[in-house]
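First the structure, in the form of structure tokens, and then the observations on it.
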Amino acid sequence: MSSQTIAEKKDTDSVEIPRDIPEGWSPTILAFACHYCAFAAADLAGVMRLSYETNVKIIRLPCTGKLDHIYVMRAFERGADGVFAAG
Amino acid sequence: MSTKTPSKLEKILSAGHLAVTSECGPPRGSDMDSITKKGELIKDYVDGVNITDNQTSVTRMCSLAACIKLKLMGIEATLQMVTRDRNRIALQSDILGAAAFDIYNILCLSGDHQSFGDCPTGQNVHDLDSMQLIQTARHMRDEGKFLGGDDIKKPPQMFVGAAANPFADPFEIRVPRLAKKIAAGAEFIQTQCIYNLDKFEEWMRRVCDRGLHEKVYILAGVTPFKSAGMAKFMKNRVPGMDVPDDVVKRLSDTPKEKQADEGIKICIETIQRLKEVEGVKGFHIMAIEWEEKVPGIVKETGLYPRPEV
Amino acid sequence: MIVGTQKPMEEIWEMIKSYKKVLVFGCNTCVAVCHQGGNKEAEIMASMLNMHAAQEGVEIEIQHSGIERQCEHEFFEPAEDTIAGVDAVLSTACGIGVQFMAEKYANTPLFPGLDTCFLGAVDEHGVFSEKCQACGKCVLGETGGICPVSRCAKRILNGPCGGSTNGKCELSKDLDCAWQLIIERLTALGRMDDYEKLAELKDWSFDRAGGPRKFIREDIQV
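Protein chains in written order, with this note's numbering: chain A, 3 to 89; chain B, 45 to 353; chain C, 1355 to 1576.
Right, dumping it as structure tokens:
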């Protein structure tokens, strides 16, 4: 090992077990949005009465710099299928 | 230099003859036939045969057993010993074992890293390094004592050698490093295979400037190329090897079926040129799995017949 | 500091899956610096194990916690109750922390979450490299402050070996030859005369070879 760079864990270490996608299924996506830009944009979209998919849930952060690893983990733990960080 | 051991190699060198040594790798099995065949092929053409010690870290029959076999055939053997696989107890013990069979030459090496061989997951020892193995062999012989301080009953009579690589980096310390090996007690040196003659001559000049050639017998190492492919492999893949582009080109430009002959020719030319270099006291011909070519090379270079001592 | 890397999830899962209540327990000193075993990494590991358990359909409660150091008694106090309340602990400390806990909590099964790798430094952000093997007899004074025991693949004390090429080790073009560094440093310090001094046979009895080591300061014992 002395000579080796200890590589980051490989993809094969993934705990994810792939499953078949049921019909009519749509993913739950959690969006972490910065208060000053992305969240403001979403707000503006609302004001302009633009519609977007209902499976996107928005959580406002004071800044995406506040986005901690564990927020993402918790999102997945609680059933989110995807996480969208916008800022 | 007067002789200190019964070593034939030492006698030849101290009598002022150009010495010729060669090298055999032990088999990857327990059949001695290959060693005896190689020994028979070259015994009249060389003054001593090195037996490598698990070279490139590939597990083989032990050097000691093969040396004993050669000795029993009446061939002078040089026990190569690497510090990679044994601690100071085992090293001293093997030196005594070799001495018990009248093996009078030892070449002290550190050994290639085990990751190059067939047991890359193994541990390495390196309790001592090659310099310290030289010191150990000399201490056992000259003081008649073990490293632990106890007297040795009938100390080993070993002519102690070391390797030198004039081509490894950094070049500036290659001569100081040789001086260090001499200070440790090395009495003869077998060099890395020489292909870059200009660089070797530059090294030898610096060796002579410091008067080191008076303190140690330097045998120039040569290895004939079998093919252009081998030259490229040695150039690119073997650590510490310096193969100039023009040598590779000379072989590549030769038709494939004639490359082996060209390789021998290069080897002979190398020896002829190095015979004239101050401080070169002999040649170490490492014909890797090509021992049958050694007699021809020795004859062609005027080094045959070998002197009787 | 001590550098470790997280074990593969599958290996961790195999160790803990038969327990009902498992605590992933971080150590927030050395292994937090290399972002592998700190309290934050323990929390993330717990989360991953929770998800894995859910996917496997295994009922197992994975908690997480951590302290500043798992190699000293004093630091454990705030976590005593948490540790007492679980069936097993997956410690993300180095091997020292795991053993310390195993001795301290004789009835709690303890498992290592990390492979402890080496004693090293932070060369740059995200790059950690071995610098010491705790051989017990420091030679840095003779070698210009660069350690041949830990940084030479053959721990050669009178180096370099013949495999040194372009300043790199025979093992890899990415690995500096320790002796090249030593020579450069001795040259810079105007101490190349020292290079020709032979290093004596090393006394390895202060190293692991001498058996497990202990250091006692009687004057500060209580």
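The beta-carbon is built from N, C-alpha and C at its ideal position, and this holds for glycine as well. Values in this document were obtained by computation on a predicted structure and should not be read as measured data.
Cβ separation of residue i and residue j, assumed to be a contact under 8 Å, to the nearest whole Å
| i | j | result |
| --- | --- | --- |
| G307(B) | F211(B) | Actually they are not in contact, since the Cβ atoms of G307(B) and F211(B) sit about 19 Å apart, beyond 8 Å. |
| L1525(C) | A1507(C) | 5 Å |
| C1384(C) | C1448(C) | 6 Å |
| K252(B) | E322(B) | Strictly speaking, residue 252(B) in this sequence is Cys, with Lys absent from that position. So it is a contact: roughly 5 Å between Cβ atoms. |
| T103(B) | C163(B) | 6 Å |
| I1537(C) | I217(B) | 6 Å |
| A275(B) | V287(B) | 6 Å |
| Q1409(C) | P214(B) | That belief does not hold up - the Cβ atoms of Q1409(C) and P214(B) are roughly 56 Å apart, past 8 Å. |
| Y148(B) | V342(B) | Not a contact, Cβ separation roughly 22 Å. |
| I56(B) | P299(B) | Rounded, the Cβ-Cβ distance is 39 Å, inconsistent with contact. |
| Q136(B) | L191(B) | 6 Å |
| L1511(C) | D173(B) | 6 Å |
Residue range of the alpha helix (DSSP H) that includes residue i
| i | result |
| --- | --- |
| F123(B) | The question names Phe, yet the displayed sequence has Leu at residue 123(B). Note, L123(B): premise wrong, no alpha helix (DSSP H); beta strand (DSSP E) at A121 to V126. |
| E84(B) | D77 to I86 |
| T1436(C) | E1434 to A1438 |
| N1404(C) | N1393 to E1410 |
| I310(B) | Q303 to K319 |
| L108(B) | S107 to L116 |
| F277(B) | A272 to R281 |
| F78(A) | H71 to E79 |
| V1503(C) | P1502 to R1505 |
| I1366(C) | M1363 to I1370 |
Start-to-end residues for the beta strand (DSSP E) that takes in residue i
| i | result |
| --- | --- |
| G326(B) | V324 to I329 |
| V85(A) | G84 to A88 |
| L177(B) | Unbroken run through L177(B) is the alpha helix (DSSP H), S174 to R182; no beta strand (DSSP E). |
| C1471(C) | L1468 to E1478 |
| N94(B) | G92 to I95 |
| Q1358(C) | Correcting the residue type first, residue 1358(C) is Gly in the shown sequence and not Gln. Taken as a continuous stretch (DSSP letters only), the beta strand (DSSP E) holding G1358(C) covers I1356 to Q1360. |
| T65(B) | A63 to C68 |
| L52(A) | L52(A) -> no beta strand (DSSP E), and no H or E assigned at all. |
| N149(B) | N149 to L153 |
Cβ-based neighbour list, residue i, same chain, cut-off 7 Å, excluding 5 preceding and 5 following
| i | result |
| --- | --- |
| A44(A) | A35 and I60 |
| D83(A) | P29, T30 and I31 |
| K189(B) | H183, D195 and I196 |
| Q36(B) | Outside the shown range of chain B (45 to 353) lies residue 36(B), about which nothing can therefore be said. |
| S1504(C) | E1484, K1485, C1486 and Q1487 |
| M1455(C) | Q1424, V1443, S1445 and L1464 |
| P1566(C) | none |
| I1437(C) | L1377, V1443, Y1459 and T1462 |
| K224(B) | M175 |
Residues near residue i in its chain [Cβ-Cβ closer than 8 Å; skip 5 each side]
| i | result |
| --- | --- |
| G141(B) | L108 |
| K1361(C) | P1466, G1467, L1468 and D1469 |
| A77(A) | L32 and V85 |
| R130(B) | D138, V169 and D171 |
| A181(B) | I139, I150, C152, P200, M202, V204 and G229 |
Bridge partner(s) assigned by DSSP for residue i
| i | result |
| --- | --- |
| Y261(B) | F232(B) |
| H1418(C) | V1378(C) |
| D1530(C) | K1522(C) |
| S1445(C) | F1379(C) and P1466(C) |
| A227(B) | Its beta-bridge partners do not exist; DSSP assigns none. |
| S1483(C) | A1475(C) |
| A208(B) | T235(B) |
| V266(B) | I329(B) |
| E58(A) | For the sequence presented, residue 58(A) should be read as Val rather than Glu. In DSSP, V58(A) forms a bridge with I31(A). |
| C36(A) | L63(A) |
| K189(B) | D195(B) |
| F203(B) | N149(B) |
Cutoff 6 Å; reference residue i; Cβ partners in own chain excluding five residues on either side
| i | result |
| --- | --- |
| A1386(C) | G1392 |
| M248(B) | V321 and G323 |
| I86(B) | S66, E335 and V338 |
| K1458(C) | none |
| F86(A) | I31 and A33 |
| M105(B) | P70 and P71 |
| F244(B) | P210 and I238 |
| M3(A) | With a pLDDT of 40 at M3(A), under the threshold of 50, the modelled position of this residue cannot be trusted; read the value that follows with caution. Once the five neighbours on either side are set aside, M3(A) has no close Cβ partner at all. |
> Okay, do the region 312 to 328 of chain B and the region 1367 to 1377 of chain C touch, 3+ Cβ pairs below 8 Å being the bar?
Replying inline: no
> Are at least three pairs of beta-carbons, each pair with one atom in the region 80 to 100 of chain B and one in the region 108 to 115 of chain B, less than 8 Å apart?
Replying inline: Counting C-beta pairs with one atom in each stretch, the region 80 to 100 of chain B and the region 108 to 115 of chain B have three or more that are closer than 8 Å, which means they touch.
> Quick check: the region 1409 to 1426 of chain C against the region 1375 to 1394 of chain C, are there 3 or more CB pairs under 8 Å?
Replying inline: yes
>> Across the region 259 to 270 of chain B and the region 223 to 241 of chain B, are there enough close Cβ pairs to call them in contact, namely three or more that are closer than 8 Å?
In response: Judged by Cβ distances under 8 Å, the region 259 to 270 of chain B makes contact with the region 223 to 241 of chain B, as three or more pairs qualify.
> With a cut-off of 8 Å, do at least 3 Cβ pairs link the region 53 to 72 of chain B to the region 336 to 350 of chain B?
Replying inline: yes
> For the region 1442 to 1456 of chain C against the region 1465 to 1476 of chain C, are there 3 or more C-beta pairs whose distance is under 8 Å?
Replying inline: yes
> Does the region 200 to 207 of chain B touch the region 218 to 232 of chain B, meaning 3 or more C-beta pairs lie closer than 8 Å?
Replying inline: yes
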